[in-house]
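S.K.:
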Ligand code: SF4
Ligand code: SF4
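Residue numbers (my numbering): 259 to 749.
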C-alpha cells in the first residue's frame, strides 16, 4: 500500500463487499478525490438532506374528503344511504377540482430525455424516442409550479437521465433545485455514468433515491438482456461508487433500489440476484443505533420486480407454467435466502419479517389484490396482462400527478407516457394544472384500454385509496344514523 493511500474501513459491510469497495477506493480516481481534504470538507458542509416524500394516496384521500365532504353530507341528509353512490360522490375528481386552481400535484415524472447510450439498447427496452424540446429552465419552471402548495415526489426516468450531466447533478441542476423546493427526487438509471465525482455530487445535492436496472447477476444472461456483456461490470461499478460516496461524506442517501425486469431468461435466477443484493448491501448504517427496521438503510437495495412489458417483447415473456413455478418454487427459495440472511447478520428474532414485508414492491402477484387466483393470474401474465385484475373502477391518483415527456407533452401517468395516447396538452403552451383541469371531464373514463400497463405501485395506491373512501363513507353513514336515531329518540 502506498504511504499516502486512503482506504476506508467499510465496517458495516460484509467481508466480500468490504473487499470490493476497498479495491475500488484504491483506484487513482478515488485516491485523487480523497487527497483533496479541503474540497471534501466543503462537500460535506454543503450536503442537502433529501426532503421526505409525500404520501400520494393519503394526500389524494385528504383532498377528496376536504373538497367533496359537503356534497356527500348533503346526499346523506337527503336520505341517500347507498354506499356506492356516496363513494362515487366522495371520490369524484371532476367535482373536487371545480373552482380550485391550486390543487396538489403529488407525483411529478419528468422524462428529461429518451436518449440512452446503451446501443444497441437493452433487449426489453420499449421506449419510443421523442425529441428534446424543453430546456433546463423549462424543467425548473415545472418544479416551481408543482411545488405549491405541496412539493411533489419528483421522478426522473429515461432514457438515461444522467446523460444530461450537470443539468441533473450539478450544484444548480435539477436535483438541487427540486430539493431546495422541498421535493424528494428519484433517478432511474443504468448507473454506468456514476463516476466517483458524480456519486459525490448526487449525495451533495440531496438525491433521495436511485433506481438502478439490474436483472441478473449471471454475466451471460445479463449480457444478453443488456445486449453487451461488459455492461454488467460498468453498472456494478456505478453502484459501488454510490456506496463509497455515502461513506466518504457520512450520508445515508441516496438510497439505492434495483429494478429487475422479469423475463423468461432470468426469472428463475431471482434468488441468486437477491443473494447478491443482500451481500453487497450495508448491514446497517454506521450512524444509527436503533431497531434495524427503523434504520435509514433498512430498505437499501430493495428490489422492484417488473414483469416484462410491451407487445414487442412477447418472445421474452415467461409462459403460464413458468410464472406459476416462479410464484411457488422460486419465491419460496428467495424467501429462504432472506430468512438465512436475517439469521446470518444477527437480526433479532422480534425484528425479523418476511421478504414481502422487507420489500413490498417485490411480488407483482402478492403485492396487490387481484380479482383471481394464481392459476388465472399466470395465464393472463403469459399474455402480458399483469395488472388488469388489480385495477379498481376509478383512477383516484391520476389527477394528483403529471408526466412530462422531452417534447413537453403531458400525460396522466407513467403507463400512458409509455403508450402515448393523445396527451393532456403541452407544457410549452399551458401549465401542468391547466392541462389536468382541461381534461378532467374525461377522468371518469379511467381505467380504459390504455391502462392495462398501469404500474403495480399505482394499482396498489388506487386500491388503498378506494378502501379509504369506503371506510370514510361508512363512518359518515354510521354518524348520520346515530344522529338521526338520537333525534328520533328526542322526539
Ligand atoms: S438502460 Fe434503460 S433506457 Fe437504456 S436501453 Fe436499457 S432499458 Fe432502455
Ligand atoms: S394507467 Fe390508467 S389507472 Fe393507471 S394511473 Fe394511469 S390513468 Fe390511472
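C-beta atoms are modelled at their ideal positions from N, C-alpha and C, and glycine is treated no differently.
The structure displayed is predicted, hence computed values, not measured ones.
Does residue 444 come out as helix, strand or coil in the three-state DSSP assignment?
M.R.: Strand.
S.K.: In or out: residue 617 buried (at least 16 other Cβ within 10 Å) or exposed?
M.R.: It is buried - the Cβ of residue 617 has at least 16 other Cβ atoms within 10 Å.
S.K.: Run through DSSP, which three-state label would residue 606 get?
M.R.: Coil.
S.K.: Using only the heavy atoms of ligand 2, determine whether one of them is closer than 6 Å to the beta carbon of residue 673.
M.R.: Indeed, a heavy atom of ligand 2 lies less than 6 Å from the Cβ.
S.K.: Excluding five sequence neighbours on each side, which residues of the same chain lie with their C-beta closer than 7 Å to the C-beta of residue 544?
M.R.: So the list reads 269 and 270, once near-sequence residues are dropped.
S.K.: Taking residue 404 and residue 690 to be in contact with their CB atoms under 8 Å, please state how far apart those CB atoms are, rounded to whole angstroms.
M.R.: The Cβ separation is near 6 Å, so the contact holds.
S.K.: My understanding is that residue 485 touches residue 379, with C-beta atoms under 8 Å, so please give their C-beta distance in whole angstroms.
M.R.: About 7 Å; that satisfies the 8 Å criterion.
S.K.: Taking the alpha carbon of residue 644 as the point to measure from, which residue in 597, 555, 482 and 623 has its own alpha carbon closest?
M.R.: The shortest C-alpha separation from residue 644 is found at 623.
S.K.: Helix, strand or coil for residue 259 per DSSP?
M.R.: For residue 259, the pLDDT reaches just 44, beneath the cut-off of 50, and the residue's location in the model is therefore unreliable, leaving the point undetermined.
S.K.: By Cβ distance, which residues of its chain are closer than 8 Å to residue 721, with the 5 residues on each side in sequence left out?
M.R.: Correct list, in chain order: 626, 627, 648 and 650.
S.K.: Using only CA atoms, which one of 285, 372, 532 and 710 lies nearest to residue 613?
M.R.: Of 285, 372, 532 and 710, the residue nearest in Cα terms is 532.
S.K.: If you reduce the DSSP assignment to three classes, tell me which class residue 477 lands in.
M.R.: Of the three classes helix, strand and coil, the one that applies to residue 477 here is helix, per DSSP.
S.K.: Pull up the distance between the alpha-carbon of residue 440 and that of residue 448, whole angstroms please.
M.R.: C-alpha separation (whole angstroms): 26 Å.
S.K.: Going along the chain, which residues of its own chain have a beta-carbon closer than 6 Å to the beta-carbon of residue 739, five neighbours each way excluded?
M.R.: Result list for residue 739: empty, nothing under 6 Å.
S.K.: Any heavy atom of ligand 1 closer than 6 Å to the beta-carbon of residue 666?
M.R.: No.
S.K.: Sorry if obvious, but does the Cβ on residue 448 come closer than 6 Å to a heavy atom of ligand 1?
M.R.: Flag set: Cβ of residue 448 near ligand 1.
S.K.: For the region 461 to 473 against the region 358 to 368, are there 3 or more C-beta pairs whose distance is under 8 Å?
M.R.: No, the region 461 to 473 is not in contact with the region 358 to 368.
S.K.: Can you grab the Cα-Cα spacing for the pair residue 735 / residue 670, in whole Å?
M.R.: Those two C-alpha atoms are separated by around 33 Å.
S.K.: Identify whether residue 684 lies in helix, strand or coil by the three-state DSSP scheme.
M.R.: Strand.
S.K.: What are the start and end residues of the alpha helix (DSSP H) that includes residue 398?
M.R.: Element bounds for residue 398: 394 to 405.
S.K.: Residue 667 by DSSP, collapsed to three states: which one?
M.R.: In the structure shown, residue 667 sits in a strand (DSSP, three-state: E or B).
S.K.: Within the same chain, show all residues whose beta-carbon is closer than 7 Å to that of residue 397, passing over the 5 residues directly before and after it, in chain order.
M.R.: For residue 397, where only same-chain residues beyond five positions count, the Cβ hits under 7 Å are 368, 370 and 432.
S.K.: Rounded to the nearest angstrom, what separates residue 260 and residue 538 at their Cα positions?
M.R.: Any reading at residue 260 is ruled out, since the residue's pLDDT is 45, under 50, leaving its predicted position unreliable.
S.K.: Confirm, please, whether the CB-CB distance from residue 609 to residue 549 is below 7 Å.
M.R.: Yes, the Cβ-Cβ distance between residue 549 and residue 609 is below 7 Å.
S.K.: Could you check the C-alpha separation between residue 732 and residue 630 for me, to the nearest Å?
M.R.: Distance between the alpha carbons of residue 732 and residue 630 is about 26 Å.
S.K.: Between 557, 654 and 638, which lies nearest to residue 710 when the distance is taken from Cα to Cα?
M.R.: Per the Cα distances, 638.
S.K.: Roughly how many angstroms separate the alpha carbons of residue 417 and residue 452, rounded to a whole number?
M.R.: One C-alpha to the other measures close to 15 Å.
S.K.: Judging by CA-CA distance, which residue of 477, 504 and 470 is the nearest neighbour of residue 458?
M.R.: Measuring from the Cα of residue 458, the nearest candidate turns out to be 504.
S.K.: If distances are taken between C-alpha atoms only, which option among 409, 693 and 395 comes closest to residue 426?
M.R.: With distances taken between Cα atoms, residue 426 lies closest to 395.
S.K.: Quick one: Cα of residue 388 to Cα of residue 675, how far?
M.R.: Their Cα atoms are separated by approximately 11 Å.
S.K.: Just to check, is the beta-carbon of residue 523 closer than 6 Å to a non-hydrogen atom of ligand 3?
M.R.: Ligand 3 is not among the ligands present in this structure, which contains only ligand 1 and ligand 2.
S.K.: When the Cα of residue 292 is compared with those of 714, 507 and 707, which residue comes out closest?
M.R.: Of 714, 507 and 707, the residue nearest in Cα terms is 507.
S.K.: Does the Cβ of residue 518 lie closer than 6 Å to at least one heavy atom of ligand 2?
M.R.: Because no heavy atom of ligand 2 lies under 6 Å away, the Cβ of residue 518 does not count as near it: no.
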